[in-house]
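Residue numbers (this note's numbering): 1 to 366. Quick reminder that beta carbons are idealized off the backbone N, C-alpha and C, glycines included. In what follows, a single structure is set out as structure tokens and then discussed.
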């Protein structure tokens with residue numbers, strides 16, 4: 001009897017130990033899954049933060065970043081569809097959903113695979129952001145310059161808003177360099193700079209904009225991709241019958257891919273042009289405005305400006321009778337002025353653009 005009781009007791013204990021072991025392992029698996037789901041949440045929150053930064057920062061709207069965002073959207077749709085299907089299988093409270101994930105290996109494997117792909121897309125997107133040619137544009141001589149103010153600002157935003165971000169590659173490249181122009185904070189990019197940026201693009205197959213073509217430098221240099229050409233006008237002010245034109249004339253500024261105009265002010269019967277227009281429309285408007293404001297007098301010296309577009313832009317608050325844009329496409333009276341200063345404001349393929357700044361009141365003979 002004793003032996004029988006002992007055998008029965010051992011059997012019961014063995015079964016109890018086996019069940020407890022199963023319960024313990026199930027609890028461990030559930031805790032591991034809970035930790036994994038928390039990691040997934042953090043990963044998705046990080047991706048969302050990156051998207052918000054891209055949305056707020058127009059300088060990051062490059063071709064490469066756009067391509068990665070398309071892929072990110074596709075993966076996000078697959079993830080949501082998978083989670084909704086898992087939810088539809090769940091009947092009852094959330095613990096049932098967790099239990100199904102633990103026991104349903106196919107669901108767990110599927111979720112893990114989608115999140116792995118999401119992590120890969122995130123890494124690729126961060127790389128495209130890091131290699132973006134932010135603040136790079138062409139100067140008058142068709143060379144490449146970098147606007148350090150834009151680069152530093154975007155670099156700081158990336159490091160602050162995106163956890164683990166290394167910022168912009170171009171910011172690291174230009175760190176400690178003194179701007180060539182203190183006025184606008186630009187740095188002329190050297191051949192070594194272009195090699196470094198192009199090498200980063202090629203090695204990572206970034207697919208971003210071209211920095212130079214074969215005609216710019218020796219043919220043995222690596223091929224690079226074209227820069228996003230920008231025209232940024234900000235904080236301009238015009239007064240006293242001023243005509244303010246900051247719009248892109250598509251015939252001339254045909255290389256401009258992104259035009260930013262901010263905080264421009266015009267008053268005192270001013271005409272302000274801030275939108276893209278054709279050259280014909282722009283010239284007709286300027287001529288009409290000119291003829292309306294400045295009467296022609298026979299004793300005023302007449303002259304014809306050389307074949308160029310004279311672009312009025314910048315901060316001018318002088319007490320002049322008339323400030324406007326003139327052009328060689330119509331003959332206009334040449335108004336006498338005590339001082340006229342000229343400054344080149346041109347890009348690669350455009351004609352000569354001359355800025356007339358009237359620093360003192362005009363004297364018109366009657």
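Taking the Cα positions, residue 61 is about 10 angstroms away from residue 67. In the displayed model, residue 168 falls within coil according to three-state DSSP, outside both helix and strand. Residue 127 sits buried, since 16 or more C-beta atoms from the chains shown fall within 10 Å of its C-beta.
Put simply, the backbone Cα of residue 164 is about 14 angstroms away from that of residue 48. Following the DSSP letters along the chain, one finds residue 159 in no beta strand (DSSP E) but inside the alpha helix (DSSP H) bounded by residues 148-161. 8 angstroms or more divides the Cβ of residue 80 from the Cβ of residue 144.
The beta carbon of residue 187 lies closer than 7 angstroms to those of 145, 146, 148, 174, 177, 179, 180 in the same chain, with the five residues before and after it left out.
Contact between residue 53 and residue 161 holds, with the beta-carbon distance rounding to 5 angstroms and staying under 8 angstroms. Contact between residue 82 and residue 121 does not hold, since the beta-carbon distance rounds to 15 angstroms and is not under 8 angstroms. Taken through DSSP and simplified to helix, strand or coil, residue 245 comes out as strand. The three-state reading of DSSP puts residue 282 in helix, counting H, G and I together. Closest by C-alpha distance to residue 33, out of 285, 112, 192, 288, is 112. Membership of residue 271 in the beta strand (DSSP E) is indicated by the continuous run 271-273.
About 15 angstroms separates the beta carbon of residue 131 from that of residue 50, a gap too long to meet the 8 angstroms contact definition.
Under the 10 Å beta carbon count, residue 77 is surrounded by fewer than 16 other beta carbons and is classified as exposed. A Cβ-Cβ distance of about 6 angstroms is found for the pair residue 170 and residue 151, placing them in contact under the 8 angstroms criterion. With respect to residue 118, residue 154 sits apart: the two C-beta atoms are not nearer than 8 angstroms.
The continuous stretches of beta strand (DSSP E) do not include residue 190, and DSSP gives it neither H nor E. Sixteen is the threshold: since fewer than 16 other Cβ atoms of the shown chains lie within 10 Å of the Cβ of residue 35, the residue is exposed. In its own chain, leaving out the 5 sequence neighbours on each side, no residue places its CB closer than 6 angstroms to the CB of residue 25.
Per DSSP, the unbroken beta strand (DSSP E) holding residue 138 starts and ends at 136-138. In this structure, residue 136 lies away from residue 168, with their beta-carbon atoms at least 8 angstroms apart.
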